[in-house]
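What follows is a single structure, written as structure tokens, with notes after it.
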Amino acid sequence: MENSSKMSYIINHSKIVSQITMEEAVAEIRSDKHKEKTAQIRQLSSAGETEGANRLKGTLPGCTPAGTFLGRRKAECISEYASRIVLDVDGVKPEQFDEICRKIEADKHTHVRYASPKRGVKIIVCGEPLVLDDSAALTQQEKTAVINEYHLRLFRSLVPYYEALIGVKIDTSGSDLPRITYLCHDPEAYYNPDSVFFPLSASAPEAGAHSGKRGKGARGTGKTHTGDFPVERNKGKSELTKKSCSMLFRVLEMQLQRSKSYEPGNRNNFLFTLACKCNEAGIPEDALFNLMANSYDDIATQELESIIGSAYGNTENHGIHPLTRQAIRVLFAQCYLKEKYEFRFNEIKGILEYCPNKPDAVFEAVDDRIRNSLWVELAEHGSECSAEQLYSILNSDFSPSYNPLKEYFLNLPAWNGKDNIRAFASQVRTTRQDHWFYCFEKWICAMVAAVVKPNVQNHTVVILEGPQSQGKTTFVRSILPPALRDYYCEDRINTESKDDMIKVFQSLLINTEEIEAMNGRELNQYKALITRATMNIRLPYDRIMQVRKRMASFIATTNNHDILTDRTGNRRYLCFEALSFDNNSAVDYEQLYAHVMHKLMVEEFRYWFTREESVKVNKHNQSFMQQTLEEEFIATNIRKPLTGDKISYITASQIAILIKTRTGLVLNHGGKVNIGRILNDQDYERIPAKGGVYKYVVHVISYEEVMLNLHIKDEVEKEPDATQQELNYNTPEN
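In full-length UniProt numbering, the protein residues as written are 1 to 734.
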């Protein structure tokens, strides 16, 4: 039977914006509205980027199957209860997924089944409607208590039922009344509006609860209800004041957060461990309940009482681990600092940053002056923490690591569907525009992939050639969004310099200006740096060297056209002759990089070059090669025979003699080999001759014609071409 009760529609995890029916929620799940973001979440989760996946999941909208809430998504704000339960099946193996879904959908009680954002399974079941006694005139608090108890009993009945049905454990932390279920993308979501209400397997809630009176398990009884057995609470004899209990609770909570997380699937375990620590530290049970209830209001009252009661059942452990004076001193400082400020360790810059807990506050680096000011502030508020202890606190996991590059790219809005990469690349007009679009798209995607994907580096360098004051550097500076401009560097990197290698680690984009000024050794080092995956460096203030991943990508600018020297191949360089730059157009950076992220995470775009593509890149780069002496001579003194030309059959060694005769330069063996390579690359016809050598079919241009072609104006009487007189190239047999 269809449960027509509506649900609250939630954005940003907690903000209620409207109401929605189950039919509308399923329609949204089946649509493509959240397809792209769901794919990104699953990609991040598969890559082990749990933090990024959870952060992105939190941006999805959601609903509250249990019913509707007024103002806030809290149990005491329940408006209309729908008797619906959400069950989470996490960690489903791919090979089990279809079979589990089939069993769930075959059950008459299943109302909705769909794949969760991280590819688990969500089950929504309608329980028997809860009918409240209108004559009892319950207050909102009493009404909430009744609904909470009923909801918890219904949840505890459903868990073993579905575990037996599918043979897989169900997350038992999802019993809270205001639980949100995220609306992701599943085109095959199952929806049965005629599902059968699930009956309670246990007795109905106690009559006393329906009349607004608390039964066993209420805080006023001094007992905690665990299953069917009431357990006497351990009140605990303690001299701790209320303020001391609050401080000690916060200290223990922070201490636990260093090793455990309060998150779905681990909430009960987290709270139980915290309660055990509080029991051992000597905090009275009643005081702990009030502290936990205020801090964790998403846990049902009965469930919280059960957790605390189980921990305090170990009466012999009460007060056995009081904190030492030094521990309280350090932990007090941590609590104070956490209340007043937010700290983080910038992984890219290798520095500590902080900001006050105030609206619109911005992070800034913690230098010695700020650190000393913090120590003075602590001392003024009763802290006995030393300056050395403060330094150790701040430079520990008290300040969580933060990667600003990942933070930016993993929190972009959804792509708007436009070709934003091409639009940005269009600001540059080159001599080969299609090739520019093709290569720039791969290069910028590789730049971002080096940040968001493990074991990825950008192995190519964009080189822009053009005259001075054209706007090359201005364009390069505009590639990064304003939020990441701190991670842009303009420098020629010396791989033997520690400071320069630190720049590589601390940058996202490095612009090598005037690359033509590099000598051969520097170019070889530069090429090796492009393909380098990790760096063994020690950042300032670090005590040891660490192996760090290279995220930086490279780009270069030059005023000279002939910049490449390596004859063995230049596939790492993406060279372009720039004709003009449009550096005045507005850029929507969020959409530019949202497009890049869409290509990487959704389309699984291939940002690297295949062997065939690398051949094309090398061919394109030939026009940027510096000509050797041999190439210049062949270009001006020899050509493929035209109609009417005198044909000569000549070896590479004979061309070397011709070079000596006309220029006076003597070539070694390498020069002769280079001549043969050039002729082969230029597709000169060759025929085998005696001695295992080849002769090339050419026309040797006369010395006079060469001079005319080079625009020599001074008319100088010259002797006939000596080479033509002395050597006979006219027959292939020679």
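Glycine included, every Cβ here is placed at the ideal spot set by N, Cα and C.
Here the structure is a predicted model, which is why all the values come from computation and not from measurement.
Here residue 431 is not near residue 564, since their CB atoms are 8 Å or more apart. Straight across, the Cα-Cα distance linking residue 107 with residue 315 is about 45 Å. In its chain, beyond the 5 residues on either side, 432, 435 and 575 have a beta carbon closer than 8 Å to the beta carbon of residue 620. At a cut-off of 4 residues, the continuous stretches assigned as alpha helix (DSSP H) that sit fully inside the segment 386 to 434 are 387 to 394, 404 to 409 and 420 to 425. Counting only runs of at least 4 residues, the segment 289 to 377 fully encloses the following alpha helix (DSSP H) elements, listed from N- to C-terminal order: 301 to 312 and 325 to 340. When the beta-carbon positions are compared, residue 333 and residue 393 come within less than 8 Å of each other. Between the segment 113 to 125 and the segment 83 to 96, the count of Cβ pairs shorter than 8 Å is three or higher; the stretches touch. Ranked by how close their Cα comes to the Cα of residue 694, the residues 654, 475, 584 and 593 have 654 in first place. In the structure shown, the three-state DSSP call for residue 162 is helix. Contact check between the segment 500 to 519 and the segment 435 to 445: fewer than three CB pairs, one atom from each, fall below 8 Å, which does not count as touching.
About 12 Å separates the beta carbons of residue 338 and residue 247, which is beyond the 8 Å limit, so they are not a contact pair. For residue 272, the three-state secondary structure derived from DSSP is helix. When beta bridges are read from the DSSP output, residue 688 appears opposite 694. According to the DSSP assignment, residue 110 belongs to the beta strand (DSSP E) that extends over 110 to 115. With respect to the 8 Å criterion, residue 200 and residue 154 are classified as neighbours on the basis of their beta carbons. In the DSSP annotation of this structure, residue 70 is not part of any beta strand (DSSP E), being labelled neither H nor E. The beta carbon of residue 458 is closer than 6 Å to those of 446, 447, 450 and 553 in its chain, skipping five residues each way along the sequence. In the structure shown, residue 80 adopts extended strand secondary structure according to DSSP, grouped into three states. Counting the other CB atoms within 10 Å of its CB gives residue 496 a total below 16, which places it among the exposed residues.
Inter-segment contact for the segment 629 to 641 and the segment 684 to 701 is present: three or more beta-carbon pairs are separated by less than 8 Å. By a beta-carbon distance limit of 8 Å, residue 383 does not contact residue 345. Their separation comes to about 22 Å. The C-beta distance from residue 470 to residue 581 rounds to 6 Å, short enough to meet the 8 Å contact threshold.
A direct Cα-Cα distance of roughly 22 Å separates residue 663 from residue 697. Remark: C-beta atoms of residue 368 and residue 74 do not approach each other more closely than 8 Å. Within 10 angstroms of the beta-carbon of residue 117 lie 16 or more other beta-carbons, which makes it buried. Taking all protein chains in view, the Cβ of residue 176 is crowded by 16 or more other Cβ atoms within 10 Å, so the residue is classified as buried. Taking all protein chains in view, the Cβ of residue 507 is crowded by 16 or more other Cβ atoms within 10 Å, so the residue is classified as buried.
The C-alpha of residue 537 is placed about 24 Å away from the C-alpha of residue 398. A distance below 6 Å between beta-carbons, with the five flanking residues on each side excluded, links residue 656 to the following residues of its chain, in chain order: 667 and 672.
Spatial neighbours of residue 311 in its own chain (CB-CB distance under 7 Å, excluding positions within 5 residues in sequence) are listed in chain order as 272, 275, 276 and 279.
Here the alpha carbons of residue 675 and residue 652 stand approximately 6 Å from one another.
Assignment of residue 546 by DSSP, reduced to helix, strand and coil, places it in the strand class.
Scanning its chain for C-beta atoms nearer than 7 Å, with the 5 sequence neighbours on each side dropped, one finds around residue 130 the residues 81, 83, 147 and 150, in chain order. The Cβ neighbour count for residue 115, taken over all protein chains shown within 10 Å, is at least 16; the residue is labelled buried. The segment 644 to 669 contains, as complete beta strand (DSSP E) runs of 3+ residues, the segments 648 to 650 (chain order). Straight through space, the alpha carbons of residue 409 and residue 555 are spaced by roughly 20 Å.
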